[in-house]
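Counting from 118, one number per residue, gives the positions in the sequence shown under the numbering used here.
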Amino acid sequence: YTRAVECGKNHSVKIHVRSSVEENEGTIITHEVPQMEGVVVSGATVQKNMAKIDLVNVDNKPGNAAKIFSHLAKARVVINDIIQTEVSTEKANLSFTLGISDLAAAKEAAERIKDEVNCESIFIRDDIAEISVVGVGMRTHYGVADKMFSSLAEARVNIDSITTSEIRISCVVNKDQADEALRAVCVAFGLDKPAEKRNA
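In structure tokens, the structure reads:
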């Protein structure tokens with residue numbers, strides 16, 4: 118869904134997004150629609166069949182990320198999001214999310230590359246989901262992240278990690294809280310309402 122929105126944005130293709138929680142007419146995402154001015158978040162989605170792999174204390178030097186993802190590519194693993202955190206000038210943690218169907222192949226690839234990049238340990242979660250809000254121009258609008266994180270906090274949904282792009286903010290949450298997280302975000306952004314009545 119989020120990739121479809123991004124492709125539509127890049128090529129000015131109109132997309133009809135239907136809600137996963139409400140039986141309304143959904144949202145039309147276009148390159149420019151005057152009556153939708155001010156509406157930043159146009160949809161929310163949840164992916165439940167997800168996993169996350171953390172490579173802990175990898176040597177922080179040029180080429181190691183390339184080595185890791187080269188092994189994953191050869192294993193035909195499709196990566197969803199990537200987070201790299203510098204622990205020190207010498208070490209970094211590298212995390213990525215992927216579909217649960219690719220987990221076995223990804224784990225095997227990570228184990229093969231572990232010693233080559235001097236990775237201290239590998240931590241795997243197969244009980245996660247990814248909740249995302251999507252909208253064109255989100256990077257230039259303030260308050261979207263605050264509203265999303267506040268809605269999850271009020272629903273007592275813990276955030277494991279966060280990734281952002283020009284059109285998307287995604288949070289990794291516990292899989293058993295996925296539906297609750299989606300409902301909270303939809304209510305916060307008024308996604309159960311017609312587009313002209315929403316506030317970003």
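We put the CB at the ideal spot given by N, CA and C, even for glycine.
Helix, strand or coil for Val304 per DSSP? helix
Measuring alpha carbon to alpha carbon, tell me which residue in Asp176, Glu207, Lys231 is nearest Ile170. Lys231
Whole angstroms are fine: how far does the CA of Val251 sit from the CA of Asp296? 17 Å
Looking only at its chain, what residues have a beta carbon closer than 7 Å to the beta carbon of Ala227, apart from the 5 residues adjacent to it on each side? Ile170, Leu172, Ile239
For the beta strand (DSSP E) containing Val163, list its first residue and its last residue. 160-176
For Ile230, which three-state DSSP category applies? helix
Considering only residues of the region 203-284, which uninterrupted beta strand (DSSP E) runs meet the minimum length of 3 residues and lie entirely inside it, listed in chain order? 208-216, 238-251, 276-281
Is Ala190 buried or exposed, if buried means 16 or more other CB atoms sit within 10 Å of its CB? exposed
Which same chain residues, not among the five before or five after Ala209, have their C-beta less than 7 Å away from its C-beta? Val175, Asn177, Gln201, Thr202, Glu203
Interface flag, Asn235 vs chain D, CB-CB below 8 Å: This model lacks chain D altogether, as it is built from one protein chain only.
Per DSSP, which residues does Gln201 bridge with? Please list them. Leu211
Should the region 298-307 be called in touch with the region 256-274, which here means at least 3 C-beta pairs below 8 Å? yes
If we call anything under 8 Å between Cβ atoms a contact, is Glu247 one with Gln164? yes
Give every residue of the same chain whose Cβ lies closer than 7 Å to the Cβ of Gln294, excluding the five residues on either side of it in the sequence, and list them in chain order. Val274
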